[in-house]
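**Student:** What follows is a single structure, and I will ask about it in a moment.
Protein chains: 2
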Amino acid sequence: MSTGNGYAPGRARQQQILAEATRAFGRAGFDGVTVQEIAEACGISRQGLLHHFASKEDLLMALLRQRDEADEELFRRTLADSGSPFRAILAVVRANAAAPAITAMFTQLAAEAIRPEHPAHDFFRGVYTRIHTDLRGTLMDMQREGTLVASIDPDQLASGLIALRDGLALQLFLRSEGQSAEEMTGTLEAMFSLLVPRS
Amino acid sequence: MSTGNGYAPGRARQQQILAEATRAFGRAGFDGVTVQEIAEACGISRQGLLHHFASKEDLLMALLRQRDEADEELFRRTLADSGSPFRAILAVVRANAAAPAITAMFTQLAAEAIRPEHPAHDFFRGVYTRIHTDLRGTLMDMQREGTLVASIDPDQLASGLIALRDGLALQLFLRSEGQSAEEMTGTLEAMFSLLVPRS
């Protein structure tokens with residue numbers, strides 16, 4: 001992919017802008033970055049960037065949607081292959097942990113977006129509601145099939161699994177003894193195996 | 200406590216400033232609030248506020264320390280009374296859940312503070328490291344006393360318990376079917392009882 005010249009083809013340029021925006025939002029949050037700075041990191045002008053994305057909000061939403069679709073696709077594919085929603089969550093966390101800028105960006109943006117007026121507030125509420133509903137449904141299916149003990153409340157377990165994913169991501173950055181991405185996914189796996197006794 | 204006049208006694212005024220700053224940071228994050236706005240909410244001038252706290256950073260740190268001390272004290276008291284670190288975490292989460300502005304503030308500030316240059320970065324790293332170390336120690340004591348099964352890795356379990364606390368707090372604000380604070384603490388309690396089989 002070309003960097004630093006003004007003539008990258010449209011799609012390659014869009015991907016470059018999305019990659020630089022991920023890095024920038026991960027470093028400074030949505031409010032801490034200007035379109036100008038992202039354009040400079042791509043080696044293009046502010047106008048050049050605005051040709052691809054009409055505003056910083058548009059850029060943010062494109063980036064979040066792209067990320068969400070990639071995560072969702074990996075989740076569904078792993079779930080279909082393994083039959084296990086726990087393996088599916090782990091696959092997504094592993095993929096994201098390999099790219100700390102993305103984890104940093106999501107961690108910060110999700111927390112910023114708890115404010116109702118944040119441009120990504122509705123997006124994140126939609127994503128969290130969908131993930132929780134899907135996961136609860138999968139857990140209920142497992143209980144019907146007898147692969148998950150019936151005494152667990154699928155609503156609470158779905159909330160707990162999502163919370164573990166998010167909370168461990170935060171600790172990647174806030175534990176000074178330096179938890180590695182590998183230790184983080186190891187902990188997630190260990191918690192899942194404690195939480196999910198097989199029937 | 201007097202509000203809206205310039206003559207509240209020093210300590211009452213400080214507490215008022217801390218309460219208004221909590222609300223403001225919870226609504227808009229550290230970067231989204233000015234000293235002027237917090238001063239106005241207290242009914243005093245910017246100079247009046249800066250007489251109590253020399254800068255917005257000083258105000259933030261005073262507020263975080265006050266909060267951390269209150270949480271720590273409640274945690275230790277409940278741990279001493281009940282002998283259970285799970286009850287102690289739940290007591291802290293319940294106290295904070297009763298004040299959503301505080302939970303919103305901590306959720307946002309912790310995520311903002313993953314950036315190394317954030318004024319509260321070192322504070323949060325210190326807090327997370329201390330909480331994890333203390334909790335791991337308590338879990339190891341329980342294993343020695345036979346009140347927690349020996350097969351669980353206390354390092355991973357400590358990480359998992361902290362992650363559940365943080366991740367469920369985020370869902371308070373990002374699930375559109377409206378998880379209540381009570382449901383959140385109920386979920387936390389259910390996850391604890393799954394994670395922590397007694398010996």
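These protein sequence lines map, in sequence, to chains W and V.
Numbering of the first sequence is given in the working numbering, commencing with residue 1 and proceeding in unit increments.
Numbering of the second sequence is given in the working numbering, commencing with residue 200 and proceeding in unit increments.
No residue lacks a Cβ here, since even glycine has one placed at the ideal position from N, Cα and C.
Note that the structure is predicted; figures quoted are calculated from it, not measured.
When the Cα of R67 (chain W) is compared with those of W:G83, W:G48, W:A101, W:G160, which residue comes out closest?
**Tutor:** W:A101
**Student:** Could you tell me the distance, in whole angstroms, from the CA atom of R264 (chain V) to the CA atom of H320 (chain V)?
**Tutor:** Their Cα atoms are separated by approximately 13 Å.
**Student:** According to the Cβ coordinates, are A240 (chain V) and E219 (chain V) closer than 8 Å?
**Tutor:** yes
**Student:** Please report the residue range of the alpha helix (DSSP H) in which R252 (chain V) lies.
**Tutor:** The sequence shown places Phe at residue 252 (chain V), rather than the Arg named in the question. Counting along the chain, F252 (chain V) sits inside no alpha helix (DSSP H), nor does DSSP assign it H or E at all.
**Student:** Are L367 (chain V) and L394 (chain V) closer than 8 Å when you measure CB to CB?
**Tutor:** no
**Student:** Once you ignore the five residues that flank R136 (chain W) on each side, which residues in its own chain have a CB closer than 7 Å to its CB?
**Tutor:** P154, D155, A158
**Student:** List the whole-angstrom C-beta distance separating I361 (chain V) from Q108 (chain W), where the pair is believed to meet the contact cut-off of C-beta under 8 Å.
**Tutor:** So it is not a contact: roughly 18 Å between Cβ atoms.
**Student:** So the candidates are V:R374, V:A303, V:H251, V:M390; which of them puts its Cα closest to the Cα of F229 (chain V)?
**Tutor:** Cα-wise, what sits closest to F229 (chain V) is V:A303.
**Student:** Between which two residues does the alpha helix (DSSP H) holding D352 (chain V) run?
**Tutor:** No alpha helix (DSSP H) contains D352 (chain V), which DSSP labels as neither H nor E.
**Student:** Closest Cβ-Cβ distance between F274 (chain V) and chain W: below 8 Å?
**Tutor:** Taking CB atoms only, F274 (chain V) has no neighbour in chain W less than 8 Å away.
**Student:** Just tell me which of W:E117, W:R11, W:P85, W:I38 has its CA closest to the CA of R226 (chain V).
**Tutor:** Measuring C-alpha to C-alpha distances from R226 (chain V) to each of W:E117, W:R11, W:P85, W:I38 identifies W:E117 as the nearest.
**Student:** Could you tell me how far apart the beta carbons of M191 (chain W) and L164 (chain W) are, in whole angstroms, since I believe they sit closer than 8 Å?
**Tutor:** 5 Å
**Student:** If I measure Cβ to Cβ from F274 (chain V) and keep anything under 6 Å in the same chain, skipping five residues before and after, which residues do I get?
**Tutor:** Once the five neighbours on either side are set aside, the close Cβ partners of F274 (chain V) are A287, V291.
**Student:** Suppose contacts are defined by Cβ-Cβ distances below 8 Å. Is F124 (chain W) in contact with L373 (chain V) by that definition?
**Tutor:** yes
**Student:** How long is the line joining the alpha carbons of G186 (chain W) and P208 (chain V), rounded to whole angstroms?
**Tutor:** 53 Å
**Student:** I'd like to check one pair, V234 (chain V) with L249 (chain V): are the Cβ atoms closer than 8 Å?
**Tutor:** yes
**Student:** Return no unless some Cβ of chain W is closer than 8 Å to the Cβ of M390 (chain V).
**Tutor:** yes
**Student:** Within its chain, find whatever has a CB closer than 7 Å to the CB of Q14 (chain W); leave out the 5 residues flanking it on each side and keep chain order.
**Tutor:** Its chain contains H52 as the residues whose beta carbon lies nearer than 7 Å to that of Q14 (chain W), once the 5 sequence neighbours on both sides are disregarded; these appear in chain order.
**Student:** I'd like to know if A205 (chain W) contacts chain V, where contact means its C-beta is closer than 8 Å to some C-beta of that chain.
**Tutor:** Outside the shown range of chain W (1 to 199) lies residue 205 (chain W), about which nothing can therefore be said.
**Student:** Can you list the residues of chain W that F372 (chain V) reaches, using a CB-CB cut of under 7 Å?
**Tutor:** I114
**Student:** Determine, using beta carbons only, whether L369 (chain V) and A110 (chain W) come nearer to each other than 8 Å.
**Tutor:** The beta carbons of L369 (chain V) and A110 (chain W) sit closer together than 8 Å.
**Student:** Taking a contact to mean a Cβ-Cβ separation below 8 Å, would you say R262 (chain V) touches T328 (chain V) in this structure?
**Tutor:** The sequence as given places Leu at residue 262 (chain V); Arg does not occur at that position. No, Cβ-Cβ distance for L262 (chain V) and T328 (chain V) is not below 8 Å.
**Student:** Here's a check: name, in chain order, each residue in its chain whose Cβ is nearer than 7 Å to the Cβ of A238 (chain V), leaving out the five neighbours to either side.
**Tutor:** Excluding sequence positions up to five before and after A238 (chain V), its CB lies within less than 7 Å of the CB of S244, R245, G247, L248, all in the same chain and listed in chain order.
**Student:** Whose Cβ in chain V lies nearer than 7 Å to the Cβ of T107 (chain W)?
**Tutor:** A310, I313
**Student:** At 9 Å on the CB atoms, spell out the chain V contacts of I152 (chain W), in chain order.
**Tutor:** A389, L393
**Student:** Considering Cα atoms alone, identify which of W:T78, W:S151, W:S82 is closest to A95 (chain W).
**Tutor:** W:T78
**Student:** Please compile the residues from chain V whose C-beta is within a distance smaller than 8 Å of the C-beta of F124 (chain W).
**Tutor:** L373
**Student:** From which residue to which residue does the alpha helix (DSSP H) around E184 (chain V) run?
**Tutor:** Outside the displayed span of chain V (200 to 398) sits residue 184 (chain V), for which this structure offers no information.
**Student:** Could one say the Cβ of S254 (chain V) lies closer than 8 Å to chain W's Cβ atoms, at least one of them?
**Tutor:** no
**Student:** Taking just the CA atoms, how far does L259 (chain V) sit from D141 (chain W)?
**Tutor:** 47 Å
**Student:** For chain V, find out if any of its Cβ atoms is closer than 8 Å to the Cβ of I162 (chain W); answer yes or no.
**Tutor:** yes
**Student:** Compute the distance between the beta-carbons of P85 (chain W) and T133 (chain W), then report whether it is under 8 Å.
**Tutor:** no
**Student:** Hey, how far is the Cα of A98 (chain W) from the Cα of M184 (chain W)?
**Tutor:** Going from the Cα of A98 (chain W) to the Cα of M184 (chain W) covers about 11 Å.
**Student:** How long is the line joining the alpha carbons of S350 (chain V) and G282 (chain V), rounded to whole angstroms?
**Tutor:** 20 Å
**Student:** Taking C-beta to C-beta, are D365 (chain V) and D166 (chain W) nearer than 8 Å?
**Tutor:** yes
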